[in-house]
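Q: Per UniProt numbering, the very first residue in the sequence shown carries number 1; after that it's consecutive.
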Amino acid sequence: MPPPIPRKSSARRAKSDTYVSSDRVLHTPTTPVARSTIARALSLRPSVKGKAPSAAPNPSTSRSSTFPIQGQHLRGPTAASDADVSPGGAETVILKVFEALDDFDDLFATAIVNKGFYSVFKRHELSLMRKVLHAMSPSAWEHRETCPPWTFEPGTEYDGPKPEYIPETYLECYVRDSCTINALQSLIHERCQSLLRPRTAAALVSTDPQESSYVNDALWRIWTFCEIFGCGKGREDDIVGQMDWLKGGELVHQQSCRATIMSSDSFGLSSVLMCAPDYFAKGNAGGLTAEQLYDMTELWNCLGVLIQGIYGRAVEARQYGVFDRTDIEGGDIDGEEAMLEEWCSYLLTHGLSTILDLAAASTHPDPTVFTLAASKGYMTWTPPPPGASRSTFLKDALSRVYEEKIAAAFAQSNRRQQARESSLRRSAETAKRRERGASSAERPFSEWDLVMNSLDSAGRGPPLMSRAFAQPTAPPPTLNQCENVHPALRPAQHPPTQHPPVQHYPAPAPAPAPAPRPLSTYTLSNPHVREEPVSQQHPRQSQLYSDDPAVDSADRAIFRIVEMGFTAEEARRALRVTDLGDGLRVDRAVELLLRA
1 MPPPIPRKSS ARRAKSDTYV SSDRVLHTPT TPVARSTIAR ALSLRPSVKG
51 KAPSAAPNPS TSRSSTFPIQ GQHLRGPTAA SDADVSPGGA ETVILKVFEA
101 LDDFDDLFAT AIVNKGFYSV FKRHELSLMR KVLHAMSPSA WEHRETCPPW
151 TFEPGTEYDG PKPEYIPETY LECYVRDSCT INALQSLIHE RCQSLLRPRT
201 AAALVSTDPQ ESSYVNDALW RIWTFCEIFG CGKGREDDIV GQMDWLKGGE
251 LVHQQSCRAT IMSSDSFGLS SVLMCAPDYF AKGNAGGLTA EQLYDMTELW
301 NCLGVLIQGI YGRAVEARQY GVFDRTDIEG GDIDGEEAML EEWCSYLLTH
351 GLSTILDLAA ASTHPDPTVF TLAASKGYMT WTPPPPGASR STFLKDALSR
401 VYEEKIAAAF AQSNRRQQAR ESSLRRSAET AKRRERGASS AERPFSEWDL
451 VMNSLDSAGR GPPLMSRAFA QPTAPPPTLN QCENVHPALR PAQHPPTQHP
501 PVQHYPAPAP APAPAPRPLS TYTLSNPHVR EEPVSQQHPR QSQLYSDDPA
551 VDSADRAIFR IVEMGFTAEE ARRALRVTDL GDGLRVDRAV ELLLRA
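(1) Does DSSP classify Phe-98 as helix, strand or coil?
(2) Rounded to whole angstroms, what is the Cα-Cα separation between Ala-554 and Ala-407?
(3) Contact defined as beta carbons within less than 8 Å: I believe Leu-126 pairs with Ile-181. What is the distance between those atoms, to the nearest angstrom?
(4) Go to Ile-328, then tell me how far its alpha helix (DSSP H) extends in each direction, as first and last residue.
(5) For Asp-244, collect the residues of the same chain with a Cβ closer than 8 Å to its Cβ; drop the 5 residues on either side in sequence, then sort them by chain order.
(6) Give the range of the alpha helix (DSSP H) segment to which Arg-144 is assigned.
(7) Which residue comes first and which comes last in the alpha helix (DSSP H) that contains Arg-246?
(8) For His-189, name the three-state secondary structure that DSSP assigns.
(9) CB Gly-304 to CB Gly-248, shorter than 8 Å?
(10) In this structure, does DSSP put Leu-171 in helix, strand or coil?
(11) So for Cys-231, helix, strand or coil by DSSP?
(12) Measure the CB-CB distance between Leu-372 and Ile-307 and report whether it falls below 8 Å.
(13) Nearest by alpha-carbon distance to Trp-365: which of Glu-336, Asp-324, Asp-327 and Ile-310 is it?
(14) Could you tell me the distance, in whole angstroms, from the CA atom of Ala-111 to the CA atom of Glu-168?
(15) Measure the C-alpha to C-alpha separation of Val-205 and Ser-212 and round it to an integer number of angstroms.
(16) Mind checking which residues open and close the alpha helix (DSSP H) that includes Asn-301?
(17) Could you check which residue in Ala-202, Asp-208, Ala-203 and Pro-138 has the C-alpha nearest to that of Tyr-174?
(18) State whether the segment 108 to 122 contacts the segment 91 to 100, with contact taken as three or more CB pairs (one from each stretch) at a distance under 8 Å.
(19) Buried or exposed for Cys-226, please, with buried defined as at least 16 other CB atoms from any protein chain shown within 10 angstroms of its CB.
(20) State yes or no: is the C-beta of Phe-370 within less than 8 Å of the C-beta of Glu-316?
(21) Using the three-state DSSP reduction, which class does Trp-150 fall into: helix, strand or coil?
(22) Using alpha carbons as the reference points, say which of Ala-589, Asp-582 and Gly-583 lies closest to Val-562.
(23) Is DSSP giving Phe-117 helix, strand or coil here?
(24) Cβ of Leu-394 within 8 Å of Cβ of Leu-293?
(25) By Cβ distance, which residues of its chain are closer than 7 Å to Thr-326, with the 5 residues on each side in sequence left out?
(26) With H, G and I counted as helix, E and B as strand and the rest as coil, what does DSSP make of Lys-376?
(27) If Ala-374 and Gly-321 are in contact, beta carbons under 8 Å, what's the gap, nearest whole angstrom?
(28) Where Met-296 and Leu-219 are concerned, what is the direct C-alpha to C-alpha distance, given to the nearest angstrom?
(29) Among the residues of its own chain, which have a CB less than 8 Å from the CB of Ile-558, if the five just before and after it don't count?
(30) Alpha carbons only, please: which of Asp-238, Leu-299, Lys-115 and Tyr-170 is nearest the one belonging to Arg-199?
(31) Would DSSP call Val-401 helix, strand or coil?
(32) On the three-state DSSP scale, how would you describe Thr-349?
(33) Tell me whether Trp-223 sits in a helix, a strand or coil according to DSSP, three-state version.
(34) Can you look up Val-252 in the DSSP assignment and give me helix, strand or coil?
(35) Work out the CA separation of Leu-424 and Cys-179 for me, nearest whole Å.
(36) Pick helix, strand or coil for Leu-340, following the three-state DSSP scheme.
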């Protein structure tokens with residue numbers, strides 16, 4: 001009988017039951033949010049060895065395999081057999097799981113699932129925090145990338161090497177800034193009810209992340225804007241860079257941006273476009289919409305109201321040095337009030353943390369607000385040059401981009417409306433044309449067919465005889481005379497036939513000679529068409545040139561076209577095609593034949 005297996009010592013049990021070792025606890029986030037998240041995740045952790053689980057797994061349906069990750073092992077389910085996974089492959093899979101998360105609570109809870117997950121999390125902690133924050137709120141992520149992990153006095157630049165973020169400082173800065181935004185939301189809801197839309201007022205006090213997300217994003221963007229273009233950096237008048245940031249960095253992120261900027265005189269050396277970082281305007285990807293721009297304008301006006309308690313306190317302002325760098329003399333009440341408002345506009349350019357610090361103190365009757373501003377270095381400010389003002393900071397860029405968005409939307413809708421009206425107008429004109437054609441075409445098509453049939457029969461029959469007048473009958477045309485007539489109008493060669501005698505009438509009185517007919521445009525442009533005297537033309541042509549309105553217009557139109565060198569069949573077909581109900585048009589028929 002084999003000896004019994006010895007029990008584990010208390011030291012081994014304590015070591016195995018401890019979920020996070022002491023050396024790792026030193027590297028875990030120490031903020032209240034992180035500690036509460038880890039504690040909650042630990043309370044939901046599966047039972048440790050030595051304690052009975054609530055429900056034992058069924059070995060027949062679930063098996064586990066070991067995935068080594070740099071000296072450690074990850075327990076995971078497999079289908080039927082143990083499969084060896086390389087440490088690099090397992091770490092890649094775990095990283096994909098971490099990168100798919102969009103909340104810090106989920107990230108920290110997933111990191112302490114087991115030792116394998118925790119080790120991967122610790123090796124990529126900062127990059128995972130940045131990716132999760134970007135998934136949570138791109139505007140908050142850009143603000144965190146824009147703000148350095150240190151503080152400095154207003155109006156000063158840090159010339160030393162830039163400190164890098166570490167996971168602890170990154171999370172602590174984000175939590176601190178989130179608390180600032182939450183406090184400002186409460187102040188705005190309390191003091192600016194008359195300036196807020198009902199939708200915005202409800203979002204300020206809502207506990208639903210989806211409902212309040214657009215307010216948070218607007219405040220994050222305002223703060224980032226102040227960090228880039230305010231805070232005494234001398235970029236308050238960089239309207240091109242400000243508008244480009246609101247549009248998502250169209251100028252900065254284009255490939256030929258640097259060469260274009262360097263060759264343009266419209267950009268100053270202080271323009272942020274000259275040395276914009278890669279994350280510039282990435283929180284506004286694709287550009288802000290008109291609604292997002294309006295949200296920023298609404299909240300920016302509310303932020304200005306929070307520090308309006310400083311207005312009218314020129315005596316205290318002069319006492320604490322607000323006017324020391326100005327040329328405003330004592331007793332100039334209007335000048336002092338205007339310069340005090342400029343100083344408040346200067347304070348707004350420093351962002352939300354400055355506004356929050358001064359908003360609460362500005363309501364006190366004592367000079368606490370000026371004492372606080374002096375302690376933070378805000379008395380060493382630079383007044384704007386004559387004719388300039390910081391009161392348009394952020395407002396000018398917002399209004400310009402907003403107007404462009406509205407104008408583009410209106411132009412698009414206007415083009416659609418114009419296209420719709422044009423289509424309706426064309427449809428109405430077509431309907432009127434059809435009605436006009438139907439009302440003018442009083443002659444039925446049967447009459448047209450009769451006319452065409454009569455013309456066909458006339459063309460196939462013997463030559464028409466001229467009306468007999470008291471004139472000597474013209475002798476039959478000779479061969480030379482026939483050659484002078486158009487081929488289509490030459491008389492057909494038929495054997496001599498017997499005709500009944502023609503009754504002659506007295507000749508009428510001689511009419512005055514008609515005026516010569518002007519040459520048509522077609523005759524002038526075509527030298528092959530000749531104007532023949534009436535005496536040398538076919539008798540039928542003589543009838544067509546007569547001014548008698550009783551003569552059939554169809555016959556006249558056909559023979560006029562035939563005179564131009566076309567056949568009678570072509571003339572009939574062209575007249576039929578071009579007849580729109582307003583009568584026979586020789587000009588349209590000739591134009592159709594010339595294009596054919």
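Quick reminder that beta carbons are idealized off the backbone N, C-alpha and C, glycines included.
A: On the basis of the coordinates in this document:
(1) Mapped onto the sequence shown, residue 98 falls at position 98. In the structure shown, Phe-98 sits in a helix (DSSP, three-state: H, G or I).
(2) Position 554 of the sequence shown, counted from the start, is the residue given in the question as residue 554. Position 407 of the sequence shown, counted from the start, is the residue given in the question as residue 407. Cα to Cα, the separation comes out at about 59 Å.
(3) For this step, residue 126 is matched to residue 126 along the sequence shown. For this step, residue 181 is matched to residue 181 along the sequence shown. In fact, because the Cβ distance is near 22 Å, the residues do not count as touching under 8 Å.
(4) The residue you call residue 328 lines up with position 328 of the sequence shown. Annotation: Ile-328 is outside any alpha helix (DSSP H) and is labelled neither H nor E by DSSP.
(5) Counting from one through the sequence shown, the residue named residue 244 turns up at place 244. Only Glu-250, Leu-251, Val-252, Leu-273 and Ala-281 meet the Cβ criterion.
(6) By one-based count along the sequence shown, residue 144 stands at place 144. Counting along the chain, the alpha helix (DSSP H) containing Arg-144 begins and ends at 138 to 146.
(7) Residue mapping note: residue 246 aligns to position 246 of the sequence shown, counting from 1. The question names Arg, but residue 246 is Leu in the sequence shown. 239 to 246 is the extent of the alpha helix (DSSP H) around Leu-246.
(8) Numbered from 1 along the sequence shown, position 189 holds the residue referred to as residue 189. In this structure, His-189 counts as helix in the three-state DSSP scheme.
(9) As a first step, residue 304 must be located in the sequence shown, where it is residue number 304. As a first step, residue 248 must be located in the sequence shown, where it is residue number 248. Contact flag unset, no.
(10) Mapped onto the sequence shown, residue 171 falls at position 171. It is helical.
(11) Taking the sequence shown and counting its residues from 1, the one referred to as residue 231 is at position 231. In the structure shown, Cys-231 sits in coil (DSSP, three-state: anything other than H, G, I, E or B).
(12) Counted from its first residue, the sequence shown places residue 372 at position 372. Counted from its first residue, the sequence shown places residue 307 at position 307. No. Outside cutoff.
(13) For the purposes of this step, residue 365 is taken as the residue at position 365 of the sequence shown. Before going on, a small fix: residue 365 reads as Pro here, not Trp. Relative to Pro-365, the option among Glu-336, Asp-324, Asp-327 and Ile-310 whose CA is nearest is Ile-310.
(14) Locating residue 111 in the sequence shown gives position 111, counting from the first residue. Locating residue 168 in the sequence shown gives position 168, counting from the first residue. A straight-line Cα-Cα distance of about 15 Å links Ala-111 and Glu-168.
(15) In the sequence shown, residue 205 corresponds to position 205, counting from 1. In the sequence shown, residue 212 corresponds to position 212, counting from 1. Rounded to the nearest angstrom, the two C-alpha atoms are 8 Å apart.
(16) On the sequence shown, residue 301 is found 301 positions in, with the first residue counted as 1. Start and end: 290 to 306.
(17) Within the sequence shown, residue 174 is the residue found at index 174, counting from 1. Selected option, being the one with the closest Cα: Pro-138.
(18) Short answer: they touch.
(19) The residue labelled residue 226 in the question sits at position 226 within the sequence shown. The residue in question, Cys-226, is buried, as its Cβ has 16 or more Cβ neighbours within 10 Å.
(20) Taking the sequence shown and counting its residues from 1, one reaches residue 370 at position 370. Taking the sequence shown and counting its residues from 1, one reaches residue 316 at position 316. Their beta carbons are under 8 Å apart, which means Phe-370 touches Glu-316 by this criterion.
(21) By one-based count along the sequence shown, residue 150 stands at place 150. Shown here, Trp-150 sits in coil according to DSSP, grouped into three states, outside any helix or strand.
(22) On the sequence shown, residue 562 is found 562 positions in, with the first residue counted as 1. Closest option to Val-562, judged by alpha-carbon separation, among Ala-589, Asp-582 and Gly-583: Ala-589.
(23) Numbered from 1 along the sequence shown, position 117 holds the residue referred to as residue 117. Helix.
(24) Counting from one through the sequence shown, the residue named residue 394 turns up at place 394. Counting from one through the sequence shown, the residue named residue 293 turns up at place 293. Not in contact: Leu-394 and Leu-293 (Cβ atoms no closer than 8 Å).
(25) The sequence position of residue 326 within the sequence shown is 326, counting from 1. Here Thr-326 has Met-339 and Pro-383 as same chain residues with Cβ atoms under 7 Å from its own Cβ, once five neighbours each way along the sequence are excluded.
(26) Along the sequence shown, one-based indexing puts residue 376 at 376. Correct three-state label for Lys-376: coil.
(27) As a working note, residue 374 is residue 374 in the sequence shown. As a working note, residue 321 is residue 321 in the sequence shown. Sure, about 7 Å apart at Cβ, within 8 Å.
(28) Mapped onto the sequence shown, residue 296 falls at position 296. Mapped onto the sequence shown, residue 219 falls at position 219. Cα to Cα, the separation comes out at about 7 Å.
(29) On the sequence shown, residue 558 is found 558 positions in, with the first residue counted as 1. These residues qualify, in order along the chain: Leu-455, Ala-568, Ala-571, Arg-572 and Leu-575.
(30) Looking up residue 199 in the sequence shown gives position 199. Measuring from the Cα of Arg-199, the nearest candidate turns out to be Leu-299.
(31) The count along the sequence shown starts at 1 and reaches residue 401 at position 401. It is helical.
(32) As a first step, residue 349 is located in the sequence shown; it is residue number 349 there, counting from the start. The answer is coil: DSSP assigns Thr-349 none of H, G, I, E or B.
(33) Here residue 223 refers to the residue found at position 223 when the sequence shown is read from its first residue. DSSP places Trp-223 in helix when its eight states are reduced to three.
(34) In the sequence shown, residue 252 corresponds to position 252, counting from 1. In the three-state scheme derived from DSSP, where H, G and I count as helix and E and B as strand, Val-252 is classed as coil.
(35) Residue numbering aside, residue 179 sits at position 179 when the sequence shown is read from its first letter. Residue numbering aside, residue 424 sits at position 424 when the sequence shown is read from its first letter. Distance between the alpha carbons of Cys-179 and Leu-424 is about 58 Å.
(36) What you label residue 340 is simply residue 340 of the sequence shown in a count that begins at 1. Reduced to three states, the DSSP call for Leu-340 is helix.
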